[in-house]
Amino acid sequence: MSTRLHIGNIPVTATVSDIKIKFGKFGFVESVGINKDPDTGLSNGIGFVEMATEKDAESAINRLNFSQYDGRTIGVSRARKADPE
1168 MSTRLHIGNI
1178 PVTATVSDIK
1188 IKFGKFGFVE
1198 SVGINKDPDT
1208 GLSNGIGFVE
1218 MATEKDAESA
1228 INRLNFSQYD
1238 GRTIGVSRAR
1248 KADPE
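Structure representation (C-alpha cells):
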C-alpha cells in the first residue's frame, strides 16, 4: 500500500520531475503534486509525494527531512489523512 508524504518549504523553481528524481532515489514514486499560487503559477512551497511502500516512504523521510533543496531546508513527513466530507 502506498504512503503519501508532505513536503514543506520547496523552492518556487521545483518541478514535478525534479521532485520525482529526488524522491526516486529512495524507492518507487507513484505520484507527485505541487501546490501552486493561482496568480503566479509558481510553487507555494508545499508538495506531496506518494511512495509505493511504507519502507520507501520511511527511507525518504529519514534521508530528506531537513535536507537542502536549492538552498532551502525542506521538511518531509507523512501527510495527514483528509477529514471525511
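Residue numbers (the numbering used here): 1168 to 1252. Just so it is clear, CB atoms sit at the ideal spot from N, CA and C, and this is done for glycine as well.
- Beta bridge pairing from DSSP links E1217 with R1171, S1198.
- Taking a cut-off of 8 Å on C-beta distances, the segment 1223-1240 does not touch the segment 1199-1210, as fewer than three cross pairs fall below it.
- Cβ neighbours of K1222 within its own chain (closer than 8 Å, five residues either side excluded): G1194.
- By the beta-carbon neighbour count (other beta carbons within 10 angstroms, threshold 16), M1218 is buried.
- According to the DSSP assignment, G1191 belongs to the alpha helix (DSSP H) that extends over 1183-1191.
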